[in-house]
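Student: In our numbering, the protein residues as written are 40 to 387.
(1) Helix, strand or coil for residue 264, going by three-state DSSP, please let me know.
(2) Can a CB atom of chain D be found closer than 9 Å to the CB of residue 291?
(3) Determine whether the beta carbon atoms of residue 140 and residue 180 lie at a separation below 9 Å.
(4) Could you tell me the alpha carbon to alpha carbon distance between residue 126 and residue 120, rounded to whole angstroms?
(5) Please name the residue in 375, 316, 351 and 367 whose C-alpha comes closest to that of residue 345.
(6) When burial is assigned at 16 or more other CB atoms within 10 Å of the CB, is residue 87 buried or exposed?
(7) When the Cα of residue 331 is compared with those of 270, 354, 283 and 372, which residue comes out closest?
(8) So, are the CB atoms of residue 124 and residue 116 less than 9 Å apart?
(9) Runs of 3 residues minimum, wholly inside the region 299-384: which ones carry the beta strand (DSSP E) assignment?
(10) Taking the alpha-carbon of residue 114 as reference, which of 75, 172 and 178 has the nearest alpha-carbon?
(11) Determine, using beta-carbon pairs with one atom in the region 364-383 and one in the region 297-317, whether at least three such pairs fall under 8 Å.
(12) What is the residue span of the beta strand (DSSP E) that residue 166 lies within?
(13) Would residue 150 and residue 136 qualify as a contact pair, given that the criterion is a beta-carbon distance under 9 Å?
(14) Look at the alpha carbon of residue 348 and the alpha carbon of residue 336, and state the distance between them as a whole number of angstroms.
(15) Where does residue 271 sit, in a helix, a strand or coil, going by DSSP?
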C-alpha cells in the first residue's frame, strides 16, 4: 500500500509499508494499481490510468497544473474537475478520481466514479463515495480536517494528514523517490540517476527550465526571478501513459520495443526497457531520451515505423530513422498497433 502522509502544510511523504519515508515532489507520479498522482503544493489529484482514456487523464493533469499557477486554490480545482467530468458524453466511462485542496473556508473535495475519499473531522470519519453521485460528488468541508484517505480504482493511498486550513505556499525542496507501478524493471532511484542541467530558480528557490514562464512547482511568474542561470539536478520531466493504462516516469532514457533488453544502452545500464507486446513492434523500436529539459523520440530503424501525433493536430508524422524529434507535452507516439502519450506539468 502506498501511504501519503501530510506532515505539515508544506510537504507530503510517500511510504511503502515499514520503509523509511521519502519526500514526494510536486508533479506527476505513477502509483501502484495503475493510478496517477498529480500534486502541486496543497492541490492533489489521484485518478485511474486505464486503457482508452489517456486524453481524459491529460485534461485532468492540465487542470491541476493550471489551477496551481493561480491563486484560487481548491475551490477552482473542484470546479475544473467537475466541469471536465460533466463534459464527457453519456456513454463515456470517465476515469475514477479524487481531487482536493484548501479554500478560504476549509477544504474542497470532488470524487467521481469508483473512488472514495475518507476524511477525518473531529475524530470521526466521513466517507465520500463517487458512486453516490450521478456525475461528481462535490463538497466543501469547513471543519478542521485531521486526515484524508483516498482509494481510487483499488489503489489505497492511505492517510493524508492535513493541517488545519492554511494559506497555500510553495513546498520545501524535495528528493524524489519513484512510486511503484512503472514498467521499467530496474531498482534505480531518481536521486541516483539525477542529471545536472542548466536552469534558473524562481523567487522561492525552485529549480526550473529556463524556458518556462511560470514556476513548475509553485506557479509564480518567473519574471520575478532575477537570478543568473545555474546548474542543478533535473527533476522528473513527466510521464508516459501507455494505451493499457501503465504509467512510466521520465527520469532517464527509455528503450521501447518487443525485446528492448536487446539494446546496447539497456545492457549497459544507460537506459530502462519498456516492453510493448505486439508482433508489429520491432525488438528495438524507439528510444525516448532526455536532453536537458527536452524529451526526444528516435526511431531505431524499426520495420513498421514510429509515428508522432502532436497535441491539437490531426496529422500523424512518420519519423526518419535515427533522427531525434522533440516531444511536446500532450503528444502521442504510435509503434505498431500500440500507442503511448507524453504528459508533463511544465507549461512554457
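Backbone N, C-alpha and C fix where the C-beta goes; we use that ideal spot for every residue, glycine too.
The structure presented is a predicted model; accordingly, all values stated were derived computationally and were not measured.
Tutor: If we stick to the structure as given:
(1) coil
(2) Protein chains in the displayed structure number just one, and chain D is not present.
(3) no
(4) 10 Å
(5) 375
(6) buried
(7) 270
(8) No.
(9) Listed in chain order, they are 311-314, 325-330, 333-338, 345-348, 355-357, 364-366, 371-374 and 377-382.
(10) 178
(11) Put simply, the region 364-383 touches the region 297-317. At least three CB pairs are less than 8 Å apart.
(12) 163-168
(13) yes
(14) When only Cα atoms are considered, residue 348 and residue 336 end up about 12 Å apart.
(15) strand
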